[in-house]
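> Below is a structure I'd like to ask you about.
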Amino acid sequence: MTQAVKIIMVEDDHGHAKLIEKNIRRANINNEIKHFDEGGAALDYLFSPEILANGPLLILLDLNLPDMSGTDILERVKGDDRLKRAPVVVLTTTDDKVEIQRCYDLGCNVYITKPVDYESFAGAIRQLGLFLSVMQAPEIE
Amino acid sequence: MLRAMTPRSSQNWSRFSDFVRTPSLVRSITALLTLAFFLLLTVNVASFVMIQRTATINDSIENAQRMRRASRTVLIAMLDAETAQRGFLLTGRTDFLQPFEEARGEIAPALRLLDAGAAADPSLRPYVTRIHALADAKFGEMDKTLNLTRAGRIGQSIQLVRSGQGKRYMDELRGTITAFDTLKSTRIAERTRTSERLGVLTVAMNAIAGLLVLVLAILSAWVVRRYVAEIQRAREELDALNAGLEDTVRDRTAALTRANDEIQRFAYIVSHDLRAPLVNVMGYTSELEQAGKVIDKAIAEAETHRPVAPDVVMAVREDMPEAIGFIRASTEKMDRLINAILKLSREGRRNPLPETLDMTAMAQNIADSVHHQTEASGARILVEDLPPIESDRISMEQILGNLIDNAVKYLDAGRPGEIIVSGEEVAGGWVVYRVADNGRGIAPRDHERIFELFRRSGKQDRAGEGLGLAFVRNSVRRIGGTIDVESELGKGSTFLLKFPKRLILSEPGGVL
Numbered sequence: 001m002t003q004a005v006k007i008i009m010v011e012d013d014h015g016h017a018k019l020i021e022k023n024i025r026r027a028n029i030n031n032e033i034k035h036f037d038e039g040g041a042a043l044d045y046l047f048s049p050e051i052l053a054n055g056p057l058l059i060l061l062d063l064n065l066p067d068m069s070g071t072d073i074l075e076r077v078k079g080d081d082r083l084k085r086a087p088v089v090v091l092t093t094t095d096d097k098v099e100i101q102r103c104y105d106l107g108c109n110v111y112i113t114k115p116v117d118y119e120s121f122a123g124a125i126r127q128l129g130l131f132l133s134v135m136q137a138p139e140i141e
Numbered sequence: 142m143l144r145a146m147t148p149r150s151s152q153n154w155s156r157f158s159d160f161v162r163t164p165s166l167v168r169s170i171t172a173l174l175t176l177a178f179f180l181l182l183t184v185n186v187a188s189f190v191m192i193q194r195t196a197t198i199n200d201s202i203e204n205a206q207r208m209r210r211a212s213r214t215v216l217i218a219m220l221d222a223e224t225a226q227r228g229f230l231l232t233g234r235t236d237f238l239q240p241f242e243e244a245r246g247e248i249a250p251a252l253r254l255l256d257a258g259a260a261a262d263p264s265l266r267p268y269v270t271r272i273h274a275l276a277d278a279k280f281g282e283m284d285k286t287l288n289l290t291r292a293g294r295i296g297q298s299i300q301l302v303r304s305g306q307g308k309r310y311m312d313e314l315r316g317t318i319t320a321f322d323t324l325k326s327t328r329i330a331e332r333t334r335t336s337e338r339l340g341v342l343t344v345a346m347n348a349i350a351g352l353l354v355l356v357l358a359i360l361s362a363w364v365v366r367r368y369v370a371e372i373q374r375a376r377e378e379l380d381a382l383n384a385g386l387e388d389t390v391r392d393r394t395a396a397l398t399r400a401n402d403e404i405q406r407f408a409y410i411v412s413h414d415l416r417a418p419l420v421n422v423m424g425y426t427s428e429l430e431q432a433g434k435v436i437d438k439a440i441a442e443a444e445t446h447r448p449v450a451p452d453v454v455m456a457v458r459e460d461m462p463e464a465i466g467f468i469r470a471s472t473e474k475m476d477r478l479i480n481a482i483l484k485l486s487r488e489g490r491r492n493p494l495p496e497t498l499d500m501t502a503m504a505q506n507i508a509d510s511v512h513h514q515t516e517a518s519g520a521r522i523l524v525e526d527l528p529p530i531e532s533d534r535i536s537m538e539q540i541l542g543n544l545i546d547n548a549v550k551y552l553d554a555g556r557p558g559e560i561i562v563s564g565e566e567v568a569g570g571w572v573v574y575r576v577a578d579n580g581r582g583i584a585p586r587d588h589e590r591i592f593e594l595f596r597r598s599g600k601q602d603r604a605g606e607g608l609g610l611a612f613v614r615n616s617v618r619r620i621g622g623t624i625d626v627e628s629e630l631g632k633g634s635t636f637l638l639k640f641p642k643r644l645i646l647s648e649p650g651g652v653l
């Protein structure tokens, strides 16, 4: 049986987190969203036995975190044999080419720049929701 | 003329005295060589004089010898003549008289020679006069006896001889000649000694001069050697200093690069961190707007049943949208400013890539790209022949593009716009470009301000954030150039750009 994909959101800005969640919901995505506002807690959760036991994952990742860089989390996730299949969507304010390239090099699946303009932001999230609705997240064994 | 010459000669003199006072290799060598030259010249002249003098002395010695011989000849010839006289008196044979005549013939030139010598040297005159007189007297006595004998009065003749007159003449002559001879030989010995002394002196002088020249040569060699050693030492010191300087420059450049990187990084982080809250401001403003619309809809529905308080309607339909509009406009502006800072910091992180640029073509392209604007306002852009440059293409395009855009943007509506792009190479490996317009101009107090971020000058009737010239100055500096503005309000502005002809990067990616 296929389990519902769990969305793990690592975002230190609660406003952003709420906006992202709202827009995801508006796109009719009702998957469970687990929010972490710092990298350490997110990593602890990702590498806990609980998550390994509980089905497929999708990770929404902000790069500017207070305790570490999002790329560190990306590197850990993509370096792990079991977690590396989980799709990672980087959603951040940074639109620096070098940074984007680095994320793709580390194995990020989608890179979205948070637009300041709300309409674009909402549009981007809705597209992400669309993307999530058709995406098949692989099982984590 | 005199006034013109006096300073020059005094200048020459002061230059010369400077040269003399200042210790230097050239001065030392010149002094040594001059000394050696004068020494050699002196020795030469002295040797010449000595040789002349020696020759004169030798001549006089020879002359004295000749006179000595002449005096002896007189004595010997006189003895011969006496012997012949005695023989004739004894035998009466005339053939005995032949040596007598021969002797007379010999005496005459000898006496002439002595006379000549006495004429040259008055100290000899008494001797020569005496010899002359005695010889004459002796011949007179002998002729007398011979004549008596020929006349047959032989007895009278012998009587005359017997009187001893002739013998006295002869003895006196011998004595005089011996005295003369002694005097002469003394003088010859003296002169010979003088000649020898002169010879020794000449040799000694030559030897001493040679020695001195040798000493001077050694001195010169020593001076040169010392100088070369000094140069060598100075060069080594210079090399060491240069090496130190290079290290210092490298350290300073590295420090500056670090500082610059830090500033760029700082601007980057700050602008990112400023953007994150902005996303929220924008996002929740939109949420508020959405909520407002919901309330608006509810009020509209309520209005169909009962009247709603006008201040509520006012708050929802006018105040809220107005507030949201201001928040949104301000946030958008802030976003543009942050993006500008980001762009600036990103420019700073890009590495310039020097290549040879055809600046005339580049400027013409930029002019063509704003053609529709200039045509609309009746303005024209004149691109003169620009010298090529070896620099970063993107930076150069941004700089020229911004300046030409600005020139077009701030033309004076009151007169047809004219923008001239010109340039030339200047001494010292620099290239200067000028973008000149006859636009509205910039007040002097704003000449520095216009290059600052977010600062603008004059009437604020054109769109813009005050970024262009800040970018331009940043780019100009990054490729090692400078930018200045010359402008008069109401007349026009000229932007002066100065770049190194060849952009040389101190290290990959860094021009500071």
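Protein chains in written order, with my numbering: chain A, 1 to 141; chain B, 142 to 653. Glycine included, every Cβ here is placed at the ideal spot set by N, Cα and C.
Can you list the residues of chain A that Thr426 (chain B) reaches, using a CB-CB cut of under 9 Å?
On the second sequence, position 285 is the one that residue 426 (chain B) refers to. By Cβ distance, chain A contributes Tyr118.
> Going along chain B in order, which residues have a C-beta closer than 8 Å to the C-beta of His16 (chain A)?
The residue you call residue 16 (chain A) lines up with position 16 of the first sequence. In chain order: Ala417, Val420, Asn421, Gly424.
> Residues of chain B with a CB under 9 Å from the CB of Asp13 (chain A): which are they?
Residue 13 (chain A) sits at position 13 when you count from the first residue of the first sequence. Result: Ala417, Pro418, Val420, Asn421.
> Among the residues of its own chain, which have a CB less than 8 Å from the CB of Arg399 (chain B), if the five just before and after it don't count?
The sequence position of residue 399 (chain B) within the second sequence is 258, counting from 1. Excluding residues within five positions, none has a Cβ falling inside 8 Å.
> Does DSSP classify Phe412 (chain B) as helix, strand or coil?
The residue given as residue 412 (chain B) occupies position 271 in the second sequence. A small fix is needed here, since residue 412 (chain B) is Ser in this sequence, not Phe. DSSP places Ser412 (chain B) in helix when its eight states are reduced to three.
> State the DSSP-derived secondary structure class of Ile29 (chain A), mapped to helix, strand or coil.
As a position in the first sequence, residue 29 (chain A) is number 29, starting the count at 1. Looking at Ile29 (chain A) - three-state DSSP - the assignment turns out to be coil, as it is neither helix nor strand.
> Do the CB positions of Ala17 (chain A) and Leu57 (chain A) come within less than 7 Å of each other?
On the first sequence, position 17 is the one that residue 17 (chain A) refers to. On the first sequence, position 57 is the one that residue 57 (chain A) refers to. Contact flag unset, no.
> So who's on the other strand from Ser635 (chain B), going by DSSP bridges?
If you number the second sequence from 1, residue 635 (chain B) lands on position 494. Reading off the sequence, residue 635 (chain B) comes out as Thr, not Ser. B:Ala577, B:Glu627.
> Please check if any C-beta of chain B sits within less than 7 Å of the C-beta of Glu99 (chain A).
To locate residue 99 (chain A), count along the first sequence from 1; it is residue 99. Cβ-Cβ to chain B under 7 Å: no for Glu99 (chain A).
> So, are the CB atoms of Leu341 (chain B) and Ser169 (chain B) less than 7 Å apart?
Here residue 341 (chain B) is taken as the residue at index 200 of the second sequence, counted from 1. Here residue 169 (chain B) is taken as the residue at index 28 of the second sequence, counted from 1. Looking at the sequence itself, residue 341 (chain B) is Val, so the reference to Leu does not match. Cβ distance not < 7 Å, so Val341 (chain B) and Ser169 (chain B) don't count as in contact.
> Among the residues of its own chain, which have a CB less than 6 Å from the CB of Arg490 (chain B), if the five just before and after it don't count?
Position 349 of the second sequence, counting from 1, holds the residue named residue 490 (chain B). For Arg490 (chain B), where only same-chain residues beyond five positions count, the Cβ hits under 6 Å are Gln405.
> Beta-carbon of His446 (chain B) versus every beta-carbon of chain D: anything under 7 Å?
Any reference to chain D falls outside this structure, whose protein chains are A and B.
> Would you mind reading off the limits of the beta strand (DSSP E) that contains Asp452 (chain B)?
Position 311 of the second sequence holds residue 452 (chain B). From DSSP, Asp452 (chain B) is part of no beta strand (DSSP E) but of the alpha helix (DSSP H) over 451–455.
> Where DSSP assigns a beta bridge to Phe36 (chain A), which residues make up the other side?
Position 36 of the first sequence, counting from 1, holds the residue named residue 36 (chain A). In DSSP, Phe36 (chain A) forms a bridge with A:Val10.
> Short of 7 Å in beta carbon distance, which residues of its chain neighbour Leu252 (chain B), apart from the five on each side in sequence? Order them along the chain.
Position 111 of the second sequence holds residue 252 (chain B). Closer than 7 Å at the Cβ level, and outside the excluded window around Leu252 (chain B), lie Val215, His273, Ala276.
> Does the Cβ-Cβ distance between Ser298 (chain B) and Thr286 (chain B) come in under 7 Å?
For the purposes of this step, residue 298 (chain B) is identified with residue 157 of the second sequence, where counting begins at 1. For the purposes of this step, residue 286 (chain B) is identified with residue 145 of the second sequence, where counting begins at 1. Yes, they are a contact pair.
> Taking the Cβ atom as the reference point for each residue, do Leu352 (chain B) and Ala177 (chain B) lie within a distance shorter than 7 Å?
Numbered from 1 along the second sequence, position 211 holds the residue referred to as residue 352 (chain B). Numbered from 1 along the second sequence, position 36 holds the residue referred to as residue 177 (chain B). No, the pair does not count as a contact, with Cβ atoms beyond the cut-off.
> Would a C-beta distance cut-off of 7 Å place Arg332 (chain B) and Ile198 (chain B) closer than the cut-off?
On the second sequence, position 191 is the one that residue 332 (chain B) refers to. On the second sequence, position 57 is the one that residue 198 (chain B) refers to. Result yes, Cβ atoms of Arg332 (chain B) and Ile198 (chain B) sit closer than 7 Å.
> Pick helix, strand or coil for Ser495 (chain B), following the three-state DSSP scheme.
By one-based count along the second sequence, residue 495 (chain B) stands at place 354. Correcting the residue type first, residue 495 (chain B) is Pro in the shown sequence and not Ser. Residue state, collapsed to three classes: strand.
> Considering Thr232 (chain B), what are the terminal residues of the alpha helix (DSSP H) in which it resides?
Counting from 1 along the second sequence, the entry for residue 232 (chain B) is found at position 91. Segment 166–232, the alpha helix (DSSP H) holding Thr232 (chain B).
> Where are the beta strand (DSSP E) runs, 3 residues long or more, that stay fully inside the region 41–104 of chain A, in chain order?
Within the region 41–104 of chain A, the complete beta strand (DSSP E) runs of at least 3 residues are 57–61, 88–92.
> Please confirm whether Ile100 (chain A) and Tyr118 (chain A) have their CB atoms less than 7 Å apart.
Numbered from its first residue, the first sequence carries residue 100 (chain A) at position 100. Numbered from its first residue, the first sequence carries residue 118 (chain A) at position 118. Contact flag unset, no.
> Under 9 Å Cβ-Cβ, which residues of chain B neighbour Phe121 (chain A)?
The sequence position of residue 121 (chain A) within the first sequence is 121, counting from 1. Correct list: Val420, Met423, Gly424, Ser427.
> According to a CB-to-CB cut-off of less than 8 Å, which residues of the region 507–530 of chain B neighbour chain A?
So nothing in the stretch comes that close.
> Using a Cβ-Cβ distance under 7 Å, would Leu19 (chain A) count as near chain B?
Numbered from 1 along the first sequence, position 19 holds the residue referred to as residue 19 (chain A). With 7 Å as the cut-off, Leu19 (chain A) counts as an interface residue toward chain B.
> Please decide whether Ile59 (chain A) counts as near chain B, where near means a Cβ-Cβ distance under 7 Å.
Translated into positions along the first sequence, residue 59 (chain A) becomes position 59. Not an interface residue.
> Which bits of chain B does Thr94 (chain A) rub up against, with CB to CB less than 8 Å?
Within the first sequence, residue 94 (chain A) is the residue found at index 94, counting from 1. His413, listed in chain order.
> What span of residues does the alpha helix (DSSP H) with Asp526 (chain B) cover, start to end?
Indexing the second sequence from 1 puts residue 526 (chain B) at position 385. Run containing Asp526 (chain B): none; DSSP gives neither H nor E here.
> Given that Asn64 (chain A) touches chain B, what residues does it touch there, using C-beta distances under 9 Å?
What you label residue 64 (chain A) is simply residue 64 of the first sequence in a count that begins at 1. By Cβ distance, chain B contributes Ile410, His413, Asp414, Ala417.
> For Pro115 (chain A), which of B:Leu419, B:Val457, B:Thr171, B:Pro557 has the nearest alpha-carbon?
Position 115 of the first sequence, counting from 1, holds the residue named residue 115 (chain A). Checked all of B:Leu419, B:Val457, B:Thr171, B:Pro557; the closest Cα to Pro115 (chain A) is B:Leu419.
> Check the DSSP bridge columns for Val696 (chain B) and list the partner residues they point to.
The question about residue 696 (chain B) has no answer here: the residues shown for chain B are numbered 142 through 653.
> How would you call Ile192 (chain B), buried or exposed, if buried means at least 16 neighbouring beta carbons within 10 angstroms?
Counting from one through the second sequence, the residue named residue 192 (chain B) turns up at place 51. Exposed.
> Quick check on Ile583 (chain B): does DSSP put it in helix, strand or coil?
As a first step, residue 583 (chain B) is located in the second sequence; it is residue number 442 there, counting from the start. Correct three-state label for Ile583 (chain B): coil.
> Count the other CB atoms within 10 Å of the CB of Gln226 (chain B); is the residue buried (16 or more) or exposed (fewer)?
In the second sequence, counting from the first residue as 1, residue 226 (chain B) sits at position 85. So Gln226 (chain B) ends up on the buried side.
> Spell out whether any CB of chain B is found under 7 Å from the CB atom of Lys114 (chain A).
Walking along the first sequence from the start, residue 114 (chain A) turns up at place 114. Yes, Lys114 (chain A) counts as interfacial toward chain B.
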